[in-house]
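Residue numbers (UniProt numbering), protein chains in the order written: chain A, 1 to 250; chain B, 1 to 250.
Glycine included, each C-beta is placed from N, C-alpha and C at the ideal position.
As the structure is a prediction and not an experimental result, all values here were calculated from the model.
This report refers to the structure that appears directly beneath it.
There are 2 protein chains.
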Amino acid sequence: MKNKLYNLLIEASPHLKKEFVPSISIDCVVFGFHDTTLKVLLIKLHNSEAWGLPGGYLKKDEDLDKSANRILKERTGAKNIFLNQFKTYGKKNRSEFFFKDYPDDLWHKQRFISIAYYALIDYKTVTPIIDGISDGCEWKEISELPDLMMDHQQIFDEALLQLRRDLNYKPVGLNLLPEKFTMPELQKLYEIILDKKLNRGNFYRKMTRYGILEKLNETRKGGAHKAPDLYKFDLEKYNSALENGLQESW
Amino acid sequence: MKNKLYNLLIEASPHLKKEFVPSISIDCVVFGFHDTTLKVLLIKLHNSEAWGLPGGYLKKDEDLDKSANRILKERTGAKNIFLNQFKTYGKKNRSEFFFKDYPDDLWHKQRFISIAYYALIDYKTVTPIIDGISDGCEWKEISELPDLMMDHQQIFDEALLQLRRDLNYKPVGLNLLPEKFTMPELQKLYEIILDKKLNRGNFYRKMTRYGILEKLNETRKGGAHKAPDLYKFDLEKYNSALENGLQESW
Chain A
1 MKNKLYNLLI
11 EASPHLKKEF
21 VPSISIDCVV
31 FGFHDTTLKV
41 LLIKLHNSEA
51 WGLPGGYLKK
61 DEDLDKSANR
71 ILKERTGAKN
81 IFLNQFKTYG
91 KKNRSEFFFK
101 DYPDDLWHKQ
111 RFISIAYYAL
121 IDYKTVTPII
131 DGISDGCEWK
141 EISELPDLMM
151 DHQQIFDEAL
161 LQLRRDLNYK
171 PVGLNLLPEK
181 FTMPELQKLY
191 EIILDKKLNR
201 GNFYRKMTRY
211 GILEKLNETR
221 KGGAHKAPDL
231 YKFDLEKYNS
241 ALENGLQESW
Chain B
1 MKNKLYNLLI
11 EASPHLKKEF
21 VPSISIDCVV
31 FGFHDTTLKV
41 LLIKLHNSEA
51 WGLPGGYLKK
61 DEDLDKSANR
71 ILKERTGAKN
81 IFLNQFKTYG
91 KKNRSEFFFK
101 DYPDDLWHKQ
111 RFISIAYYAL
121 IDYKTVTPII
131 DGISDGCEWK
141 EISELPDLMM
151 DHQQIFDEAL
161 LQLRRDLNYK
171 PVGLNLLPEK
181 FTMPELQKLY
191 EIILDKKLNR
201 GNFYRKMTRY
211 GILEKLNETR
221 KGGAHKAPDL
231 YKFDLEKYNS
241 ALENGLQESW
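See the structure below:
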């Protein structure tokens with residue numbers, strides 16, 4: 001049991017107790033989209049079989065949202081990512097079991113309530129960095145996830161559900177699609193996030209009603225079919241919808 | 001400064017430290033609907049001008065969601081209320097200022113990260129109970145809120161926003177309307193929650209598409225106009241929509 005991870009955690013414990021707020025941890029579900037696949041960023045601790053979500057602790061003098069961004073940057077190299085806080089996990093035995101073979105006064109063995117965030121980014125823009133206590137930091141296809149530690153599978157599942165629900169009142173696509181895109185490309189993004197086919201006519205009508213798209217006087221040439229129209233996001237309306245909800249909402 | 005509240009808190013502090021998880025608090029935004037008004041349940045601490053949301057702490061051996069229900073019951077008398085966790089508040093100075101005149105080792109003066117829940121109930125079914133450290137526990141009209149302590153105004157505002165967003169994928173109305181109701185009565189409930197008028201035809205079409213209503217072979221008699229049709233919720237479909245989202249969603 002006294003392997004590399006054990007020694008690193010024992011060594012870090014006194015310092016962690018000084019620097020961080022007790023009982024609070026933060027976990028990040030970072031969804032990465034590119035072309036036609038949706039992935040999630042996972043880390044693997046030394047000497048651990050299971051993968052986990054990148055996470056960390058809240059500094060005593062740090063705002064919660066800033067903390068989440070710092071953790072994501074330190075553990076994965078991902079910067080300037082907008083994180084959506086979506087749920088806090090507080091089952092009484094959610095974190096202790098993982099550290100059952102460690103001394104009782106280990107920082108990591110206390111009861112942690114974990115505040116979870118999700119983000120959706122273009123994974124080509126991030127180069128994962130492996131931190132000191134991990135062997136791996138990788139993008140994994142969401143349809144082929146490895147075993148996840150603690151309650152991280154539940155956190156992942158609920159982040160995905162929240163992302164899907166958020167499609168009902170938040171626009172999505174900026175920074176995920178090229179600046180100019182076709183309606184079928186935008187529909188494909190929705191279909192990949194939702195993991196289901198959407199009706200083309202309904203999608204077109206709903207998207208048009210949202211009023212966040214600007215139709216360009218250009219078409220995408222080179223395909224086998226009739227050249228489809230190109231669109232771009234109207235940034236002002238897109239940002240206003242991010243703030244106030246899509247018009248389709250009640 | 002050494003008033004009734006001060007003495008009660010100083011006295012309670014050592015016991016609180018033993019029983020509860022440090023740094024974690026819970027706040028509840030309980031919206032109450034009846035007839036045509038939307039209210040929120042507020043408490044007023046002894047010797048405090050400002051009102052606040054009912055809240056409390058997480059016991060060391062208690063699951064988070066159970067804790068929220070226990071707190072609501074203890075502080076307000078409201079039982080068996082389904083609470084929706086919606087956001088966790090963690091600005092670094094959110095809670096300390098309120099207790100600035102108290103000793104540094106007071107339980108209440110530590111940094112608290114607060115996990116917030118909301119619920120929507122028929123306020124006629126709840127009789128508020130005043131707890132030991134409060135002068136008041138009352139339903140207040142949401143359009144006429146008193147000054148709220150700490151960041152409770154922000155928590156309230158965001159709970160209301162979340163309730164409104166949730167109308168896009170969760171059904172609402174069960175236990176708030178009579179068993180048999182008219183479409184205008186259901187529309188009125190939505191309008192009060194959303195604080196805006198809705199188009200009657202659009203509302204009817206959208207509600208019908210949701211597939212959660214059962215039209216009865218009865219009408220509401222006695223009004224000046226043509227007797228409107230009565231509906232009730234199809235419980236199976238209503239509960240399935242609560243679980244899986246409304247059909248209108250993507």
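- In this model, Lys18/B and Leu216/B are separated by some 57 Å (Cα to Cα).
- Inter-residue distance for Leu42/A and Leu9/A is about 20 Å (C-alpha atoms, whole angstroms).
- A residue is called buried once 16 or more other Cβ atoms fall within 10 Å of its Cβ, and Ile113/B is buried on that count.
- Counting along the chain, Asn84/B sits inside the beta strand (DSSP E) bounded by residues 84-89.
- Under the three-state reduction of DSSP output, His34/A falls in the strand class.
- Excluding sequence positions up to five before and after Ile212/B, its CB lies within less than 7 Å of the CB of Pro171, Phe233, Asp234, Lys237, Tyr238, Ala241, all in the same chain and listed in chain order.
- Around the beta carbon of Phe31/A, a 10 Å sphere encloses 16 or more other beta carbons of the protein chains shown; the residue is thus reported as buried.
- If you compare the alpha carbons of Lys59/B, Gln153/B, Asp135/B, Pro14/B with that of Val40/B, the shortest gap goes to Gln153/B.
- At a C-beta separation below 8 Å, Gln85/A has these neighbours in chain B: Lys87, Thr88.
- Chain A places no beta carbon closer than 7 Å to that of Asp35/B, leaving this residue out of the contacts.
- Looking at the DSSP output, Ile26/B sits in a beta bridge with Gly56/B, Ile115/B.
- By the 16-neighbour rule on beta-carbons within 10 angstroms, Asp61/B is exposed.
- Close to Asp63/A, with beta-carbon spacing below 8 Å, are these residues of chain B in chain order: Gly90, Lys91, Lys92.
- In summary, Arg205/A is exposed, with fewer than 16 beta-carbon neighbours lying within 10 Å of its beta-carbon over all protein chains present.
- Here Lys109/A has Glu96, Phe99, Tyr102 as same chain residues with Cβ atoms under 7 Å from its own Cβ, once five neighbours each way along the sequence are excluded.
- Secondary structure at Thr76/B: helix, using DSSP grouped into helix, strand and coil.
- Taking Pro184/A as reference, the option from Glu214/A, Arg200/A, Tyr123/A, Ser23/A with the minimal CA-CA separation is Arg200/A.
- At a cut-off of 7 Å between beta carbons, Tyr210/B makes no contact with chain A.
- Taking C-beta atoms under 8 Å as the contact rule, Gly56/B and Ile129/B fail to qualify, at a distance of about 14 Å.
- Against chain B, the CB of Pro22/A has a partner CB under 7 Å away; the residue lies at that interface.
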